[in-house]
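Engineer:
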């Protein structure tokens, strides 16, 4: 028995104040939070928090800001459940929410140094990847990475998240950004139409020195991996953040388990060789 | 196996002594079955129980457990830790092993779950050696005997019990009631009881054992038997909920009728239930019953093996007992290894 | 301003509304948060200005339809309560017979005065926001739904079977006592009410998602029922579900 090592509850959140709230789409909103003592969340890109509202519940949300953004953190939240709907409808700037975490491993960005970066984001998958994208593009970090390619796909032209930032990526000379919509529902859209995999053949990356990072809806992974394999991408250079039901965040509640792995502890970021060893992963 | 001798009278003394300072929980009769309950007197205890409806873990990790009490208007919450001293009396070796697994699960990776550990640190475990009943299969998973994980272990020897000491606390307790040290003959009798137990265990894995069952699971992930079981399984979750080593939980908030005070609670959950691996967006990562059943069985024999250095199934047989279609880990393992 | 709440009934025994009235200990607390403005079983005043409408009973007559549509227009939230309103309840059994035949069987010579059509739940006529199943509804669950609505949280009806609640309570399984029980395929939320009182689950809350009906029928027949009886058992409360209609 280990006695009295830690007298506190793993499940007690600390309070964070909502300092910005902005609607992205019908279903997704952007939030900025700060701790009253000004402290940082101290997260790694790719990690997540448990966002808690007393009386309503808790929900796992991936952190969308880069750790280089100090004094606050940002979340992009889709209203799908009790907590997220309540956050959208009932809480405003100035409200407090509970935060536990950051949890999970995050991206091993130390290993990516010197590589070109290929980001493949599907829908809401841009939220966690934006953390790493902004980290990579931060002026203090930019020279640690080579070329940056961003592939971002949405269902239609109404679903873009972080639209202003996407525009700034498009305008940056040191970033190649490719956008696509699954279906063109809007005559204003002049870009690519088709699922995200249709963008991959357009990118002229060097498989010997590029890291691919994937995040999107569960159905996307298999097809993106196939397409990357068609381009002779090395398996060990493919990373992905997997979605699972992260309830406790501390490796106890079991909901996020894939085979022998608790995603909230060993994930949500895995390299492809690890994913290959897990049945049911993608 | 040095120990002490307890006659029925001294066992009664021991329990009565314990009841002065502890909440004493022991197997009692419940309609057609037995279950662990807080006792009012020694005679409530059924030392002859086969198994209990729920495992004794319910006193360390209750079916519904308050984690936090909160006040919505003030955004305030405080954790709830239950430190009531409890004696878990009459636990069979399989359940003692089950609790050892929980001890590890709730303190792994530097994530110390104080809600569990507070109860555990205030619990005394008094084991009771047993003979097999219709459903158990402990020898196949290496949990026939408990080497540790108890404060005292009682082994029936005729009209008395040999009390094996498992901790300092246990020894002090036995000394306090002035139990007599055991003699060589008592120890022989205790050993005879244990070898009789081993002989009587008839339900077992045919071709694998506690350490090779994991390899079997890894080889048979795509076996057609999983699909066959899908036809029978009701996915009712009963197997999960009576398991001494299932520790998965759901968390829910409940507010008081004043709409301000409330509690955050955890509730036993089960990987057999349809929503267990379903995420907010609607994606269900184990949609089919066969997938969920395979997950449960693999979790017991394979997935957690490296962490616990053994199967996490302790062979208590409760899952088979509780299953109305009698899905049986022993039959599954034997079918997969056929 | 406190939300205004109304109760309505259609074809039913009014037992669900009675369950609400029976919550003597909590009723005063509840009315400190809401104004009950229409509740035929409990008060004489009746207003058409309400936010939340609780509806008991199944829809069995043509002229129920405009009445329901009116309720839908008036209310922000429409919440059917009880088996009849949610799935047609026992009333749905008549749909397994020829309509006229059953009408004359029940009303004999007076049948011509009683117009009726196939029983349907409220959601088959108007969109509903949420449902509280059960025959009758469980007062604790009703209270929990009301509290959720009041704090702006989507109420939660479990998506797991009654077996789960029985296990959490440490009940002796009905099959261990030689009784039959539909708990394995019936949606929980009642707190395993019947099995906790030594009576097998009759399935009044309707089926869980993806029930394994065939396997459950095998369980019932092994316990002594004929296949026909097992199917009839499902039809008592779950006739509305596709799995049982087949």
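Residue numbers (our numbering), protein chains in the order written: chain C, 1 to 282; chain B, 1001 to 1338; chain L, 2001 to 2246.
Built from N, CA and C at the ideal position, the CB exists for glycine as well.
(1) Verify the CB distance criterion: does residue 72 (chain C) have a CB-CB separation below 8 Å to chain L?
(2) Determine, using beta carbons only, whether residue 2029 (chain L) comes closer than 8 Å to chain B.
(3) Near residue 2203 (chain L), which residues of its chain fall below 8 Å by C-beta distance, leaving aside the five closest residues on each side in sequence?
(4) According to DSSP, simplified to helix, strand and coil, what is residue 1214 (chain B)?
(5) Just to check my reading of the structure: residue 56 (chain C) and residue 86 (chain C) have Cβ atoms closer than 8 Å, yes? What is that Cβ distance to the nearest angstrom?
(6) What is the residue span of the beta strand (DSSP E) that residue 2056 (chain L) lies within?
(7) At 9 Å on the CB atoms, spell out the chain L contacts of residue 1299 (chain B), in chain order.
(8) Considering residue 1029 (chain B), what are the terminal residues of the alpha helix (DSSP H) in which it resides?
(9) Going straight from the alpha carbon of residue 2192 (chain L) to that of residue 1200 (chain B), what length do you get?
(10) Please name the residue in B:1102, B:1183 and B:1211 whose C-alpha comes closest to that of residue 1246 (chain B).
(11) Return the bridge partner residues of residue 1252 (chain B) from the DSSP annotation.
(12) What does a CB cutoff of less than 7 Å around residue 61 (chain C) pick up in its chain, not counting 5 residues either side in sequence?
(13) Give the residues of chain B in contact with residue 2206 (chain L), contact being defined as C-beta atoms less than 8 Å apart.
(14) For residue 7 (chain C), decide whether its Cβ has a neighbour in chain B, counting only Cβ atoms nearer than 8 Å.
(15) Inspect the CB distances between the segment 1231–1244 of chain B and the segment 2125–2137 of chain L and report whether three or more fall short of 8 Å.
(16) Below 8 Å on C-beta distance, what does residue 2151 (chain L) contact in chain C?
(17) If contacts are defined as beta-carbon pairs under 8 Å, then residue 2151 (chain L) and residue 1067 (chain B) qualify, I think. What distance do you get, rounded to the angstrom?
(18) Leaving aside the five residues before and after residue 244 (chain C) along the sequence, list all residues of the same chain whose C-beta is less than 6 Å from its C-beta, in chain order.
(19) On the CB-based measure, 16 or more other CB atoms within 10 Å of its CB, does residue 1008 (chain B) come out buried or exposed?
(20) Going by beta carbon distance, what residues of the same chain come within less than 7 Å of residue 1122 (chain B), once the five residues before and after it are set aside?
(21) Would you list, in chain order, the members of the segment 2150–2183 of chain L that have their beta-carbon closer than 8 Å to a beta-carbon of chain C?
(22) Would you verify that the beta carbon of residue 1033 (chain B) is, or is not, closer than 8 Å to some beta carbon of chain L?
(23) Can you give the Cα-Cα distance for residue 1243 (chain B) and residue 1285 (chain B), rounded to whole angstroms?
(24) Using a Cβ-Cβ cutoff of less than 8 Å, which residues in the same chain neighbour residue 4 (chain C) once the five nearest sequence positions on both sides are dropped?
(25) Just the Cα atoms here: how many angstroms apart are residue 41 (chain C) and residue 2077 (chain L)?
(26) If residue 224 (chain C) sits next to residue 197 (chain C), beta carbons under 8 Å apart, how far is it from one beta carbon to the other, in whole angstroms?
(27) Which same chain residues end up closer than 6 Å to residue 235 (chain C) when comparing Cβ atoms and leaving out the 5 residues on each side of it in sequence?
(28) Taking the straight line between their C-alpha atoms, what separation do you get for residue 1230 (chain B) and residue 1294 (chain B)?
(29) Going by beta-carbon coordinates alone, are residue 2058 (chain L) and residue 2088 (chain L) separated by less than 8 Å?
(30) In chain order, what residues of the same chain have a beta carbon less than 7 Å from the beta carbon of residue 2201 (chain L), not counting five sequence neighbours either side?
(31) To which residues does DSSP link residue 1019 (chain B) through a beta bridge?
(32) Check each candidate in B:1174, B:1158, B:1153 and B:1144 and name the one with the smallest Cα separation from residue 1016 (chain B).
(33) Measuring only the C-alpha atoms, how far is residue 275 (chain C) from residue 204 (chain C)?
(34) Could you work out which residue in C:145, C:220, C:184 and C:137 is closest to residue 171 (chain C) when comparing CA atoms only?
(35) Which runs of the beta strand (DSSP E), 3 residues or longer, sit entirely within the segment 197–250 of chain C?
(36) Can you confirm whether residue 1056 (chain B), when its beta carbon is compared against all beta carbons of chain C, has any partner nearer than 8 Å?
Structural biologist: Checking against the coordinates, here is how it stands:
(1) Within the first chain, the letter at position 72 stands for residue 72 (chain C). Answer no: the Cβ-Cβ gap between residue 72 (chain C) and chain L never drops below 8 Å.
(2) Reading the third chain from its first residue, position 29 is the one you call residue 2029 (chain L). Yes, contact with chain B.
(3) The residue you call residue 2203 (chain L) lines up with position 203 of the third chain. Same-chain partners within the cutoff: 2182, 2185, 2186, 2233, 2234, 2236, 2237 and 2238.
(4) The count along the second chain starts at 1 and reaches residue 1214 (chain B) at position 214. If DSSP states are grouped into helix, strand and coil, residue 1214 (chain B) belongs with the helices.
(5) As a first step, residue 56 (chain C) must be located in the first chain, where it is residue number 56. As a first step, residue 86 (chain C) must be located in the first chain, where it is residue number 86. With 8 Å as the limit, residue 56 (chain C) and residue 86 (chain C) qualify as a contact, their Cβ atoms being about 5 Å apart.
(6) Sequence index remark: in the third chain, residue 2056 (chain L) carries index 56 (1-based). It spans 2052–2056 - the beta strand (DSSP E) in which residue 2056 (chain L) sits, taken as one unbroken run.
(7) Here residue 1299 (chain B) refers to the residue found at position 299 of the second chain. Within 9 Å Cβ-Cβ: nothing; residue 1299 (chain B) doesn't reach chain L, min ~18 Å.
(8) Position 29 of the second chain, counting from 1, holds the residue named residue 1029 (chain B). Bounds of any alpha helix (DSSP H) do not take in residue 1029 (chain B); it lies within the beta strand (DSSP E) bounded by 1023–1030.
(9) As a first step, residue 2192 (chain L) is located in the third chain; it is residue number 192 there, counting from the start. As a first step, residue 1200 (chain B) is located in the second chain; it is residue number 200 there, counting from the start. Their backbone Cα atoms lie some 37 Å apart in a straight line.
(10) For the purposes of this step, residue 1246 (chain B) is taken as the residue at position 246 of the second chain. Per the Cα distances, B:1102.
(11) Locating residue 1252 (chain B) in the second chain gives position 252, where the first residue counts as 1. DSSP lists B:1265 as partners of residue 1252 (chain B).
(12) Here residue 61 (chain C) corresponds to residue number 61 of the first chain, with the count starting at 1. Within the same chain, residue 61 (chain C) has close Cβ partners 48, 49, 51, 75 and 77.
(13) Here residue 2206 (chain L) corresponds to residue number 206 of the third chain, with the count starting at 1. Within chain B, no residue comes near residue 2206 (chain L); the closest Cβ sits about 15 Å away, beyond 8 Å.
(14) Taking the first residue of the first chain as 1, we reach residue 7 (chain C) at position 7. Yes, residue 7 (chain C) lies at the interface with chain B (some Cβ there is under 8 Å from its Cβ).
(15) These segments do not touch.
(16) As a working mapping, residue 2151 (chain L) is identified with position 151 in the third chain. Simply 55 and 56.
(17) For the purposes of this step, residue 2151 (chain L) is taken as the residue at position 151 of the third chain. For the purposes of this step, residue 1067 (chain B) is taken as the residue at position 67 of the second chain. Incorrect: roughly 19 Å between the Cβ atoms, too far for contact.
(18) Residue mapping note: residue 244 (chain C) aligns to position 244 of the first chain, counting from 1. Only 256 and 263 meet the Cβ criterion.
(19) Along the second chain, read from residue 1 onward, the residue named residue 1008 (chain B) stands at position 8. Within a 10 Å sphere around the beta-carbon of residue 1008 (chain B) sit fewer than 16 other beta-carbons, which makes this residue exposed.
(20) Walking along the second chain from the start, residue 1122 (chain B) turns up at place 122. Closer than 7 Å at Cβ, skipping near neighbours: 1083, 1084, 1085 and 1086.
(21) Those residues of the segment 2150–2183 of chain L that come within reach of chain C (Cβ to Cβ, closer than 8 Å) are 2151, 2152, 2153, 2154 and 2156.
(22) Residue 1033 (chain B) sits at position 33 when you count from the first residue of the second chain. Answer yes: the Cβ-Cβ gap between residue 1033 (chain B) and chain L drops below 8 Å somewhere.
(23) Here residue 1243 (chain B) refers to the residue found at position 243 of the second chain. Here residue 1285 (chain B) refers to the residue found at position 285 of the second chain. Residue 1243 (chain B) and residue 1285 (chain B) have their C-alpha atoms some 23 Å from each other.
(24) Here residue 4 (chain C) is taken as the residue at index 4 of the first chain, counted from 1. Only weak support exists for where residue 4 (chain C) lies, its pLDDT of 46 falling under 50; the value from the coordinates is given anyway. Excluding residues up to 5 positions away in sequence, nothing lies with its Cβ nearer than 8 Å to the Cβ of residue 4 (chain C) in the same chain.
(25) Within the first chain, residue 41 (chain C) is the residue found at index 41, counting from 1. Within the third chain, residue 2077 (chain L) is the residue found at index 77, counting from 1. The alpha-carbon atoms of residue 41 (chain C) and residue 2077 (chain L) are separated by roughly 40 Å.
(26) To locate residue 224 (chain C), count along the first chain from 1; it is residue 224. To locate residue 197 (chain C), count along the first chain from 1; it is residue 197. Indeed, because the Cβ distance is near 6 Å, the residues count as touching under 8 Å.
(27) Locating residue 235 (chain C) in the first chain gives position 235, where the first residue counts as 1. The answer, listed in chain order, is 272 and 273.
(28) On the second chain, residue 1230 (chain B) is found 230 positions in, with the first residue counted as 1. On the second chain, residue 1294 (chain B) is found 294 positions in, with the first residue counted as 1. Spanning the two alpha carbons is a distance of roughly 10 Å.
(29) Position 58 of the third chain, counted from the first residue, corresponds to residue 2058 (chain L). Position 88 of the third chain, counted from the first residue, corresponds to residue 2088 (chain L). Closer than 8 Å, so yes.
(30) Indexing the third chain from 1 puts residue 2201 (chain L) at position 201. So the qualifying residues of the chain are 2162, 2181, 2182, 2183, 2186, 2194 and 2195.
(31) The sequence position of residue 1019 (chain B) within the second chain is 19, counting from 1. Partner(s): none; residue 1019 (chain B) has no beta bridge.
(32) Here the question's residue 1016 (chain B) lines up with position 16 in the second chain. For the set B:1174, B:1158, B:1153 and B:1144, the Cα lying nearest the Cα of residue 1016 (chain B) is the one of B:1174.
(33) Reading the first chain from its first residue, position 275 is the one you call residue 275 (chain C). Reading the first chain from its first residue, position 204 is the one you call residue 204 (chain C). Cα-Cα distance, rounded: 26 Å.
(34) Residue numbering aside, residue 171 (chain C) sits at position 171 when the first chain is read from its first letter. The shortest C-alpha separation from residue 171 (chain C) is found at C:137.
(35) Listed in chain order, they are 210–215 and 238–241.
(36) Position 56 of the second chain, counted from the start, is the residue given in the question as residue 1056 (chain B). Interface annotation, residue 1056 (chain B): not in contact with chain C, CB-CB separation never under 8 Å.
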